[in-house]
Amino acid sequence: MKLLSILFSALLLTVTMTSCSDFLTEKPKGKLTPDNYFTSQEELDMAVYALYSKVCATQASSYPMLIAWQGDDITTNPGSNKQNFADIDAFHPSDGNNGAVWAWRTSYVVIKVANDIINRAGKTPTTEEEKNIAIGQARYWRAVNYFFLVKRFGSVPMNLVGDIDYNRPLASVEEVYAQIVADLNACITMLPTKYTDEPRFISGANIYVTKQAAQATLAAVDMAMAGWPLQKAERYADAAALTKAIIDGVQAGTYEYILESDFKNVYAPSHNYTNETVVGINFSGTFKWDEDSELSKSNLFESLGGWGDGWGELLFWKDFPSGPRKDAIYNPKILKNNGRKGETELLDWWEVEERHPMFSIFTVGPDNVDYDYTKPAGYVSSNSHRHRLIRYSEVLLWYAEAQCRAEGAPNTLAYQCINRVRQRAGLSPLPAGMNASDFIEACIQEHGWEVAGYIPALVTRRDDLMRLNRLEQVFYQRKQNTPITVVPNVTLKETLLIPDNVTWQGEKTIYLPYPALDKQLNRQLKR
Amino acid sequence: MDRLSYNPKQENRRSPHFPLRGMLICCALLGILFAFQPIYAQQQPTNTTAKSVSGVVKDASGEPLIGATIQQKGTANKTITDTNGRFTLNVPPGAPLVISYIGLHEQELKATPNMEIMLGDDVNALDEVVVVGYGTVKKADLAGSVSVLDSKAFKDQPLTRIDDALQGRIAGVHVVSSGIPGGDMKIRIRGAGSINRSNDPLYVVDGIVRESGLTGLDPEDIQSIQVLKDASATAIYGSRGSNGVVLVTMKSGKADVKQISFDAQFGFADMAKHYSLLDAYEFATAYNEAHPGTFNQTDLTAFQNGEKGTNWQKAISQTGFIQNYKVTLTNGNKDTQYYLSGNYLGQTGAVKRSKNERYQVKLNLTSNIAKWLNITADINASHNVRNTVNFGASKNNILWVALNYSPVTNIMDENGKYCRDFYNAITADNPVGTLNINGGQYRKDIFNGRIDLRFNILPGLSFTTTNGVDYNDTKYYSFSSKRVSEQSRLSNRDGQRMTLQSTNNLTYIGQWGQHSLTATGVFEATQSEYRMMGISGEGLLTESVGWWNIGLAKTKTESNGYESWALLSGVGRLMYNYDNRYLLTTTFRADGSSKFFKNKWGYFPSIALAWSLGNEKFMQKQDIIQDAKLRLSYGLVGSQAISPYETLGLMKQEGYAFGGTTKYTGFWTGTSRATPDLTWEKTHQFNVGLDFSTLAHRLRFSIDYFKKITKDGLLKKTLPQYDGGGDYWVNACEVVNSGVDFNIDATLLSQKDFSWNTSLTGTYLKNKVTSLDNIPFVQGQSPSTGLIGDVTRVVVGQPIGAFYLYQWTGLDATGHDTYADLDGSGTVSEGDRTFCGKANPTFTFGWNNRVSWRHWDLNLFFTAAFGAKRLNLMRYFAASMNGASKFITLKDAYYQSFGKTDSPMFPAVTVTNNYYQGASTKWLEKADYFRLDNITLSYCFTKQQTRFTDIHLSLSCQNVFTITGYKGLDPSGISFMDSSQGSIDVNDGIDMGAYPLTRTFTLGIKMNF
């Protein structure tokens, strides 16, 4: 029968069309699976690119770096939308504070990507040298991010495998530091001192981490371990040795580092790839809200059309010695209304609504040119500013301090080091024959001025204060809030206050709270 | 004889003059409806042949019935009514006539000249055929819960899209419209059960699942909409049925009905409400209080005189214009019928640049090729163009920007550059510039084609194979200029989805004595593929090219991709009826989905029992209650609403430019995990319903209680951030939706010239999360990162998307905002937040009225909702001083501020150290409302009056008034968050510039030739 045969063939057709066993099997075209990865040099490179993308995210916005507001160099608007900044500045962040949440999240993502490379890239069919470069980058950034975490949170969960554990215990501060040191030591042996091709080497600067960059980083770690909370004073000698090796390398011409002759170029867009930078993170203003450095409006006051996230603290500004460095870090004068209606009048900062010194580190001119404070600042909210995690001037200062602490008195090189930095800042050299504690204090002050307001620094002013166990002083200083005569006839007080019911609770006050989400997932996360 | 030709001999001719004038006047005086009564000159019939009778057949609402059958009883002598409901039949007067129409009560009358017959509307609606999945059933035989919306319910109302028809007209269905012409809709049937994924219902148009929802369909082409609600009805759609199913039946040609109709509508839309904001002078005065000397006397005078400054709300709005044209041709004989229609819809919104256009054609052809074979071919093609304007929850929302742009800012400077705001919305681009120069456009081409072959194998046994394609191609373009934004930018994107479906249905219908049985078996295969390509560029070397030349962009980003899924299904259904008293329906569906790795197959059974009490003898002894029916159903439905490949744990692509302008492509393991054991989300649904009518069928009730328990709910389980964060799918959550929905229909008046039908629908819904496995909570997304944190949260014991806020406790003695310190920490901290209500209403109502008086028709449609809240972030930002809107613009925030009034609500503009918090109850408002949603008055001129065609004229007003305490622009509106940000049900109830409610006046004309 005709009908039945039509029916039958129709059914047959649909059944054969669909009954093939793979009709319900997924074929993810254009996608990669982790199991089949690390099969070529190109895949190895791509894994490192992804790592760097995540490294970039640890500093893209100011949130992961909010801990810097604990320092005595920087404060913020007590009103506006600066709650997250203000709570950290006043030592009472909640477990929902973006400073805690973002720092935690972004660092652990880097660690996850790094773990994957460290544990699996070894199977890539390529040269040992290339594998060392890739694994070395991963170990380096894993170390740096655990360094961030341990300084910001103290004891933290440590994952080196890449597994998932809802009950992961906290690793002690000591354990975390041990891992950081192990990773950085490995980097020093694995990494080359020079790269040649993009993206490893761009505009005359090594972008990938080199051996000497790892040495400088380990020196910073040693200094931190030597102070609060571990107090391993023997690490100063290690720091001195590491920094000495770098200084020698620079003198021998093997290492590329320089000291910019003019401080105004240290952070300038025109010197973005300066070799004063020892360790940097690259940002691209081309990729808005993605790979850009979102700080270019953060120093400009809100009353001038900026974001006004970070204000200079009154006392720190007052103590800051005048000179080209101060003029580059703070606006010497402020153009009225940022000249938006053609104003040309230059005001002192106490004549401006915020009544605080205004940092100018990140501020740029229109179209991202170097900033000239007598002309309007550009309103670009993000740009390609390369974050200088460690600068060569810091290496010099670390040497000076570590050498003095390790050997009990500053040697000639230590004097030379600090005086080079002071000289560029327009200060007179330190007098010879200082006692050790004065010399050390001078080094600490100098480092504070060098990195004042520079929140992306690996070692910020806040980190120095923590290492020296002086955050408590900062706390009580703000509590008292003594009026400060910033210039004759202008006496001001800090506007951001610590609430009466906030008391100093040691470690709990110093470290950021564990973020609420993870605290609820893992009950072990408590102090 | 051609029934459509003009026959002067026909009766009931009326003078066209008076009603026409009356119509015009009445159009002008819509409000005083019955004040004017037109005079009808009723002519006596002339010249009726002795052997023929003629007349008109109408339904209860006075609407002429097209295609009603008039048959001389016991003979083959019959005819059907024409487009005006008229007929002429050669019978001797006094002969018995049977007048019938499907779905209406049959009547037997003696033939008389000049008959005017009214068939009782709905009285025997139980004979109405209801479309259920994979078949039809008489309403009387329905055991499950299915709501039917006939196109009559929204006839003459100026609906531009079908989604609008669902709101308030079907019990259990809740519609939230973004209001944007052509924009997003949120439709929920009996609540939301899924936390992370879409709770949109499944849309099935004439048997083919439509991935493109209802976009591109013309409401005028719709015959009826059926909403499948309980598991008995939805389980037949198994894995895709858990959110309910909307079945749409499109119009097709009818045998012996020839019709050409033309339809045109013109409308004007204006914003129904504005925020009350400071004008330029007031703003400058207030600003000077906080920042002395900013504006000098010259400035102030200029603001006062209106020489400077801008009313931004006004500057971005316009009168929207709507035009909608439609031509329909339909013809057919008993073997072959066709329906052809074309439609153009052009809409501009009440906000500048918002625009939506639809070009659409439809062809349906049905033919009995042989006694054993019937073929239906159907094509619907549409081209949709929509301009995009940001109305989402973000600080780029155009209304948000307009609300916060300081009124002292001019639109443009002397150089033709759009001014930036230096006083308030300091980070935002000029809103007028954004609308004039920047912008995007969606162009969506949708094609649906279908061929049905129905083989009538044996009496009662038929096999139907339905094969269809749902194709849509979406192109998206956007451009922004340096004249307005920081950077010039362009992007082009193209995504194409093609879904093929083959449904093969074997149905047997049999009857033995008091038993009747309908058995259906279906084999179905579906495959869907998605392909996309996109490029975007920044830093255009010249802007004059708009979005058309990527070669001029300094940096480019490109992407492409592919996705596919497949579904294989077997379906069975038995509907058994004993003596029209006891009904049993069981269904079973097995679905195999490619989206799951190991556990591909899911099985979805359901059972429904119904007892038609009304047909029991004991019930027929009384005449208080008629048509009583008790329904009971239980079943299991599912959801597979994850995206393809989500269980595979694929690597994530991540580019990095190392500071340069080209990204190096990178890969990492990403934040997802392979989840091979993932399987279906299952929803158990229980339903009990009662239908009955009273007062001789004139008052009809239908009430259902339901409980939906979603188990093994697809939930994204959060991974600890210390292990890299991210989330992965688990079958974990449990959500319960329970409630009552009811429908009351009444024929309040049913007289020859005057009728009044009313229909009230209501829904009570309770949604509660009962388990999240070991996940403490699911966090909502921040509407605007950096300005406000997350404001909603999912936890056990609360409905999905409950507000999680700080409790505002008023201003303290120094004029600072204070919040309840719930965790006793002494400061405002996370622990102080608490649950404060939900975004979805507890009760929703719709009340539809249709009054007919002679040729007049009046429709009044009211909607109401109670129990919902909205977080009014528009008021928060306009009344608070924070980073992105650093001063105030709201009038109240100045005049009701500390120091300005005895009972201040807002801190003074000079305040410092105030803690502004958007995520607080200060900005949470009740969004209860009662609204006259639509009023339509229409008048019909018959062909006899106009001498060439009958003409329907209608005048409508939508959103006539809204009674609400809500201070925002629309208590029912929300700002839709980008879907990539997560489920709309989690991030619900946020008003950060919801599209303003518009009041629309529409004039419609419809001609049937």
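For the protein sequence lines, the chains are A and B, in the order given.
Under the numbering used here, the first residue of the first sequence carries the number 888, and numbering increases by one thereafter.
Under the numbering used here, the first residue of the second sequence carries the number 11, and numbering increases by one thereafter.
Yeah, the Cβ is synthetic: ideal placement off N, Cα and C, and Gly gets one too.
Would you mind giving the Cβ-Cβ distance between residue i and residue j, rounded to the nearest angstrom? I have them listed as a contact below 8 Å.
| i | j | result |
| --- | --- | --- |
| B:Tyr176 | B:Val186 | Here the sequence assigns Leu to residue 176 of chain B, which means Tyr is not the residue at that position. 11 Å between Cβ atoms; not a contact. |
| B:Val101 | B:Val66 | Not quite, the Cβ-Cβ distance comes to about 16 Å (not below 8 Å), so this is no contact. |
| B:Ile1000 | B:Leu883 | 6 Å |
| B:Thr1010 | B:Ile332 | 7 Å |
| B:Lys717 | B:Val746 | 7 Å |
For a contact defined as C-beta to C-beta under 9 Å, what are the partners of residue i on chain B?
| i | result |
| --- | --- |
| A:Asp1351 | Here the premise fails: no neighbours, minimum Cβ distance about 27 Å. |
Quick check on this structure: which residue in the options has the alpha carbon closest to the alpha carbon of residue i?
| i | options | result |
| --- | --- | --- |
| B:Asp701 | B:Asn753, B:Val581 and B:Ala937 | B:Asn753 |
| A:Tyr1401 | A:Lys1262, A:Asn1270, A:Leu1057 and A:Asp960 | A:Leu1057 |
| B:Leu1013 | B:Ser985, B:Phe986 and B:His962 | B:His962 |
| B:Pro417 | B:Ala265, B:Pro441 and B:Glu367 | B:Pro441 |
| B:Gln521 | B:Gly470, B:Asn206 and B:Gly544 | B:Gly470 |
| A:Asn1169 | A:Asp1405, A:Tyr936 and A:Val1060 | A:Tyr936 |
| B:Ser616 | B:Gly582, B:Ala903 and B:Asp462 | B:Gly582 |
| B:Tyr1029 | B:Thr259, B:Lys264 and B:Ile232 | Nothing in the structure corresponds to residue 1029 of chain B, since chain B is present only between 11 and 1019. |
| B:Leu758 | B:Gly723, B:Asn859, B:Ser792 and B:Ala600 | B:Asn859 |
| A:Tyr1142 | A:Arg1410, A:Phe1249 and A:Gln1102 | A:Gln1102 |
| B:Leu375 | B:Thr295, B:Ile461, B:Ala403 and B:Phe401 | B:Ile461 |
Give the residues of chain A in contact with residue i, contact being defined as C-beta atoms less than 7 Å apart.
| i | result |
| --- | --- |
| B:Ala576 | Phe910 and Leu911 |
Name the chain B residues whose beta carbon is nearer than 7 Å to that of residue i?
| i | result |
| --- | --- |
| A:Met933 | Thr675, Gly676 and Phe677 |
| A:Asp982 | Glu840 |
| A:Tyr1053 | Pro730 |
| A:Trp1194 | Gly893 |
| A:Asn1169 | Phe668 and Gly669 |
| A:Phe1174 | Ala667 |
| A:His979 | Thr837 |
By the criterion of Cβ-Cβ separation under 8 Å, what are the contact partners of residue i in chain B?
| i | result |
| --- | --- |
| A:Trp991 | Gln731 and Tyr732 |
| A:Glu1240 | His301 |
Helix, strand or coil for residue i? Go by DSSP, reduced to three states.
| i | result |
| --- | --- |
| A:His921 | Per the sequence presented here, residue 921 of chain A reads as Pro, with His not at that position. Of the three classes helix, strand and coil, the one that applies to A:Pro921 here is helix, per DSSP. |
| B:Glu292 | helix |
| A:Val1308 | helix |
| A:Ile1248 | coil |
| A:Asn1006 | helix |
| B:Ser161 | helix |
| A:Ser1059 | coil |
| B:Ala1004 | coil |
| A:Trp989 | helix |
| A:Val1239 | coil |
| B:Trp621 | strand |
| B:Cys429 | coil |
Going along chain A in order, which residues have a C-beta closer than 8 Å to the C-beta of residue i?
| i | result |
| --- | --- |
| B:Glu664 | Tyr936, Ala937, Ser940 and Lys941 |
Just to confirm, does residue i get its C-beta within under 7 Å of one of the non-hydrogen atoms of the ligand FMN?
| i | result |
| --- | --- |
| A:Tyr1033 | The ligand content of the structure shown is nil, which means the ligand FMN is not present either. |
Can you name the residues of chain A whose CB is closer than 9 Å to the CB of residue i?
| i | result |
| --- | --- |
| B:Glu405 | First, the amino acid is wrong: residue 405 of chain B is Lys here, not Glu. The contacting residues do not exist; B:Lys405 stays about 11 Å from chain A at best. |
| B:Leu3 | The question about residue 3 of chain B has no answer here: the residues shown for chain B are numbered 11 through 1019. |
| B:Glu138 | In chain order: nothing, as chain A lies at least about 31 Å away. |
Run through the stretch 568 to 614 of chain B for me and flag every whole beta strand (DSSP E) of 3 or more residues, listed as ranges in chain order.
Contiguous beta strand (DSSP E) elements confined to the stretch 568 to 614 of chain B occur at 592 to 603, taking only those with 3 or more residues.
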